[in-house]
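Here the protein sequences come in this chain order: P and Y.
Here our numbering runs 335 ahead of the position in the first sequence, where the first position is 1.
Here our numbering runs 335 ahead of the position in the second sequence, where the first position is 1.
Report on the following structure.
There are 2 protein chains.
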Amino acid sequence: MYKSKRISDSTIHRLSLYYRSLAALEKSGHQTVCSKELGKREKLTPAQVRKDLSFFGSFGTRGLGYPVRELKDKIAEILGINRTWNVAIVGVGNIGSALIGYKEFQKQGFHIRLAFDNDQRKIGSLHKGILISDVKELKPLLRKNGIQMVIVAVPAGSAQAVVDEVVEAGVKAILSFAPTNLKVPEEVFLRTENMAIELEHLSFHLAKPYYRRPARP
Amino acid sequence: MYKSKRISDSTIHRLSLYYRSLAALEKSGHQTVCSKELGKREKLTPAQVRKDLSFFGSFGTRGLGYPVRELKDKIAEILGINRTWNVAIVGVGNIGSALIGYKEFQKQGFHIRLAFDNDQRKIGSLHKGILISDVKELKPLLRKNGIQMVIVAVPAGSAQAVVDEVVEAGVKAILSFAPTNLKVPEEVFLRTENMAIELEHLSFHLAKPYYRRPARP
DNA sequence: GCATGTGAATTCATTCACAGCT
DNA sequence: AGCTGTGAATGAATTCACATGC
Numbered sequence: 336m337y338k339s340k341r342i343s344d345s346t347i348h349r350l351s352l353y354y355r356s357l358a359a360l361e362k363s364g365h366q367t368v369c370s371k372e373l374g375k376r377e378k379l380t381p382a383q384v385r386k387d388l389s390f391f392g393s394f395g396t397r398g399l400g401y402p403v404r405e406l407k408d409k410i411a412e413i414l415g416i417n418r419t420w421n422v423a424i425v426g427v428g429n430i431g432s433a434l435i436g437y438k439e440f441q442k443q444g445f446h447i448r449l450a451f452d453n454d455q456r457k458i459g460s461l462h463k464g465i466l467i468s469d470v471k472e473l474k475p476l477l478r479k480n481g482i483q484m485v486i487v488a489v490p491a492g493s494a495q496a497v498v499d500e501v502v503e504a505g506v507k508a509i510l511s512f513a514p515t516n517l518k519v520p521e522e523v524f525l526r527t528e529n530m531a532i533e534l535e536h537l538s539f540h541l542a543k544p545y546y547r548r549p550a551r552p
Numbered sequence: 336m337y338k339s340k341r342i343s344d345s346t347i348h349r350l351s352l353y354y355r356s357l358a359a360l361e362k363s364g365h366q367t368v369c370s371k372e373l374g375k376r377e378k379l380t381p382a383q384v385r386k387d388l389s390f391f392g393s394f395g396t397r398g399l400g401y402p403v404r405e406l407k408d409k410i411a412e413i414l415g416i417n418r419t420w421n422v423a424i425v426g427v428g429n430i431g432s433a434l435i436g437y438k439e440f441q442k443q444g445f446h447i448r449l450a451f452d453n454d455q456r457k458i459g460s461l462h463k464g465i466l467i468s469d470v471k472e473l474k475p476l477l478r479k480n481g482i483q484m485v486i487v488a489v490p491a492g493s494a495q496a497v498v499d500e501v502v503e504a505g506v507k508a509i510l511s512f513a514p515t516n517l518k519v520p521e522e523v524f525l526r527t528e529n530m531a532i533e534l535e536h537l538s539f540h541l542a543k544p545y546y547r548r549p550a551r552p
């Protein structure tokens, strides 16, 4: 039962995977699913699935498995995606503009409410239905629109300045695509994504195949 | 000296981080750096830095630290980014077109040579200097152009079919942005990125602040 | 003295294995 | 019988601590 143990990033990540499998199972009409089946779909052991879920409660029935619909809803609640979030994007370059149009975000309840840039040619124009505002207006607009998450997609050189403003506006969650280290206060949650690093994993494995890890069970 | 131990994904990831810090240090004229300083920049312990590097050799000098330039070059060699790679992108939608224009890839030696789509309106047109080919031509064109890595940025529904073709063309490294589970043979290295999952980490922490992990040392 | 490189110790994550419920 | 939930066991990653060399 509901333990107050520290939850690891990998557990959260796997919850997201379970959520997607459960959504697919629900669509195909499954009522229940067992940890073995769920694990098979995500290439994880049944024990891993059960352990992950056990951090948050007991959602299954012995002998039967888990109710698909209920477990999906429960995970949505845990992940905080049983509601909508107001998101802003700073930087409407390559990545920023791609994310504005990214359908998956809408589907999961992440609504892009605002977009910012510092390029006068972009400011004031519409991009996929979103008005692009001047980044000078960042702080007041974040506040006024009740933005809860900000995606930073500006060049490395301007990222820290943007992040500082975002923090000052009271936003507690930031996802950065700028390839640089950023400082935020303790209470702000920051994740940094770097697409180039993903490709470096590939090149590492191509360059040094003998380091390659064996396939998961 | 050079141990043949299995290298974890997290170690590879950190090598990429070190590489970036070293590049910055080199630019600012530093000749040497110690594990403490490098660790501080990446929010890691000095021991972690030394251990990571020790998997691949001994690059430092006791009492002094590591030679910035040399260590950077060594890591580039380990990561396989001391050379260029031929990359193709399949799917010129939001994500795909963003990646075609993503400057960091070029900088790291990842050259986007080909782009594919199934939309007749896009096929034959230029996108940021890259000709968009018909995805029907995928297999022969990958072969003819010596493509070593493929980035899959198509909708979930068509991703497996694309991946199958890519595998048949002999490509051994795939980075997928499709939000779905993909099957590849043992010898093909596949990584799946999911932007929505990144946002779910944020919402998890916003929704349940009491689960939040303490800041790293 | 200073900082690396590395076994040993520790912490964290995963898997095992089984009691307990349906 | 079938499958969950969970302590115990194992395995992996990180940190400690110190011998070694500049």
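Note that the Cβ used here is the ideal one computed from N, Cα and C, for glycine as well.
Since we're looking at a predicted model, the values are computed, not measured.
- For residue 346(Y), there is no enclosing beta strand (DSSP E); the residue is found in the alpha helix (DSSP H) stretching over 344 to 362.
- Exposed is the label assigned to residue 438(Y), since fewer than 16 other Cβ atoms lie within 10 Å of its Cβ.
- Listed as beta-bridge partners of residue 403(P) by DSSP are no residues whatsoever.
- Sixteen is the threshold: since fewer than 16 other Cβ atoms of the shown chains lie within 10 Å of the Cβ of residue 344(Y), the residue is exposed.
- Of 434(Y), 460(Y) and 349(Y), the smallest CA-CA separation from residue 390(Y) is found for 349(Y).
- When rounded, the separation of the alpha-carbon atoms in residue 449(P) and residue 441(P) is 14 Å.
- Residues of the same chain with a CB within less than 6 Å of the CB of residue 385(Y), apart from the 5 flanking positions on each side, are 370 in chain order.
- The shortest CA-to-CA distance from residue 444(P) to any of 458(P), 457(P), 412(P) and 397(P) is the one to 412(P).
- Nearest in C-alpha terms to residue 517(Y), of all of 464(Y), 533(Y), 499(Y) and 460(Y), is 499(Y).
- The C-alpha of residue 522(Y) lies about 21 Å from the C-alpha of residue 425(Y).
- At the C-beta level, residue 410(Y) and residue 353(Y) come within 7 Å of one another.
- Taking 7 Å as the CB threshold, residue 383(Y) stays off the interface with chain P.
- Given a length threshold of 3 residues, each whole run of the beta strand (DSSP E) inside the segment 368 to 428 of chain Y is given here in chain order: 420 to 425.
- By a beta-carbon distance limit of 8 Å, residue 496(P) does not contact residue 514(P). Their separation comes to about 16 Å.
- Close CB contacts of residue 368(P) within its chain, under the 6 Å cut and outside five residues either way in sequence, are with 360, 400, 401 and 403 (chain order).
- Residue contact with chain Y for residue 462(P): absent (no Cβ-Cβ distance below 7 Å to any residue of chain Y).
- Sixteen is the threshold: when 16 or more other Cβ atoms of the shown chains lie within 10 Å of the Cβ of residue 423(P), as they do, the residue is buried.
- Here residue 468(Y) is bridged, per DSSP, to 451(Y).
- Between the segment 456 to 467 of chain P and the segment 480 to 490 of chain P there are fewer than three C-beta pairs closer than 8 Å, too few to call the two in contact.
- Its Cα nearest to that of residue 405(P), the residue 358(P) stands out among 431(P), 420(P), 372(P) and 358(P).
- Beta-bridge partners assigned by DSSP to residue 478(P): none are found.
- Residues 388, 401, 402, 405, 406 and 409 of the same chain have their beta carbon placed closer than 8 Å to that of residue 394(Y), with the five preceding and five following residues left out of the count.
- By the neighbour-count criterion, in which 16 or more other beta carbons inside 10 Å mark a residue as buried, residue 535(P) falls on the buried side.
- Take the alpha-carbon of residue 508(P) and the one of residue 502(P): they are about 9 Å apart.
- Taken through DSSP and simplified to helix, strand or coil, residue 523(P) comes out as coil.
- Beta bridge pairing from DSSP links residue 461(Y) with 466(Y).
- Think of a sphere of 8 Å around the beta carbon of residue 450(P): no beta carbon from chain Y falls inside it, the nearest being about 14 Å out.
- Residue environment analysis places residue 429(Y) among the buried positions, since at least 16 neighbouring C-beta atoms fall within 10 angstroms of its C-beta.
- For residue 513(P), the secondary structure class from DSSP, reduced to helix, strand or coil, is coil.
- Closer than 7 Å to the CB of residue 429(P) there is at least one CB belonging to chain Y.
- Listed in chain order, the non-local C-beta contacts of residue 342(Y) below 8 Å within the same chain comprise 390, local neighbours out to five positions each way being set aside.
- Contact residues of the segment 512 to 524 of chain P toward chain Y are 514, 516, 521 and 524 (C-beta to C-beta distance below 7 Å).
- Secondary structure note for residue 502(Y): its alpha helix (DSSP H) is the uninterrupted segment 491 to 503.
- Taken in chain order, the members of the segment 453 to 486 of chain Y whose beta-carbon sits within less than 7 Å of a beta-carbon on chain P are 483 and 484.
- Contact annotation: residue 379(Y) and residue 539(P) have beta-carbon atoms that are not nearer than 7 Å.
- Taking 9 Å as the upper bound on Cβ-Cβ separation, chain P lies near residues 507 and 508 of the segment 494 to 508 of chain Y.
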